[in-house]
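*Asks:*
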Amino acid sequence: MKLFSTLLVGSSLALALSGCFAAREARVESDYSYAGAFRRYRTYEFVTGEGLAADTSKLGEVLRDAIRTRMKVQGYRPSKRRPDLLVNFRVYEGDMRFRGYAQEDISRWVNEEKIEDDETPAEQRTGYQPVRMLLAEGTLLITLIDNKTNRAVWNGYASGVTVPNGVQGEVVLRRSVRSIFDQYRVFTAGYLDGGNRVSEE
């Protein structure tokens, strides 16, 4: 699946470290893959590598902590051994051209237990409706990757996010993560009923 592959490469990573932020100014959107097995996912781990996702700075840790909090609230558990999902995040400086998709709400898609794979007949596929966007300066992008298929299954992003120095910058990042995950209203199977008890590894 090449839907999201271009999102993970080709842009320089940086934080805009001046100005202020108001939640109403940020544009928050999300896209998902029809091949995502969202009912199956229960565990996660962060992608390691270069850039902010790998750094140990205060802001990098604030982002990881904010994401951990939301994953826990939705029933996901951290696991270093064969996690279902890999979590990647990046902050892009400057305006960014972006291809999103016009889709029904992910909650509805998951509740109807829909999933498409390579064996789904062409006439039964939903089809993606691309939408070209220009995201304002400062975009935080969070991507969930199916570890089994190595394919991105969900992207959430907030644009127009400017991160000031100090404590206020941490508040902005946490608020941005919360706004992004408000687009991912997917709980692990059985979690709300007390049925999901995956031990931490």
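Residue numbers for the sequence shown follow this note's numbering, so the first one is 158 and each next one is one higher. Idealized CB from N, CA, C, for every residue including glycine.
1) Kindly give me the distance between the Cβ atoms of Val244 and Ile224, rounded to whole angstroms, as I take these residues to be in contact under 8 angstroms.
2) On the criterion of 16 or more Cβ atoms from any shown chain inside 10 Å, does Asp222 qualify as buried, or is it exposed?
3) Could you tell me the distance, in whole angstroms, from the CA atom of Val310 to the CA atom of Lys237?
4) Pair every Cβ in the stretch 288-306 with every Cβ in the stretch 240-258, then say whether three or more of these pairs are closer than 8 angstroms.
5) Could you pull the start and end residues of the beta strand (DSSP E) that Ile272 belongs to?
6) Report the three-state DSSP secondary structure of Ala315 (helix, strand or coil).
7) Return the residue from the list Lys229, Val204, Val230, Trp266 that minimises the CA-CA distance to Tyr191.
8) At which residues does the alpha helix (DSSP H) containing Phe338 begin and terminate?
9) Between which two residues does the alpha helix (DSSP H) holding Asp222 run?
10) Tell me whether the beta-carbon of Arg196 lies closer than 9 angstroms to the beta-carbon of Glu270.
11) For a test of the three-state rule: what should DSSP assign to Ser187, helix, strand or coil?
12) On the three-state DSSP scale, how would you describe Val320?
13) Rounding to the nearest angstrom, what Cα-Cα distance links Asp274 and Thr283 in this structure?
14) Helix, strand or coil for Ala259 per DSSP?
15) Run the CB neighbour count on Asn312, radius 10 Å, all protein chains shown included, and call it buried at 16 or more, exposed below.
16) By Cβ distance below 6 angstroms, which residues in the same chain neighbour Asp188 in space, the five residues on each side in sequence not counted?
17) Please confirm whether Tyr233 and Gly295 have their CB atoms less than 9 angstroms apart.
18) Could you give the residue range of the beta strand (DSSP E) that holds Arg385?
19) Quick one: is Asp339 buried, meaning 16 or more other Cβ sit within 10 Å of its Cβ, or exposed?
20) What is the rounded straight-line gap between the Cα of Glu276 and the Cα of Arg254?
*Replies:* In brief:
1) 6 angstroms
2) exposed
3) 20 angstroms
4) yes
5) Premise fails: Ile272 is in no beta strand (DSSP E) and is neither H nor E.
6) strand
7) Trp266
8) 324-338
9) 215-230
10) yes
11) strand
12) coil
13) 11 angstroms
14) coil
15) buried
16) Gly257, Tyr258, Asn312
17) no
18) This structure does not reach residue 385, given that the chain is present from 158 up to 358, and the question cannot be answered.
19) exposed
20) 32 angstroms
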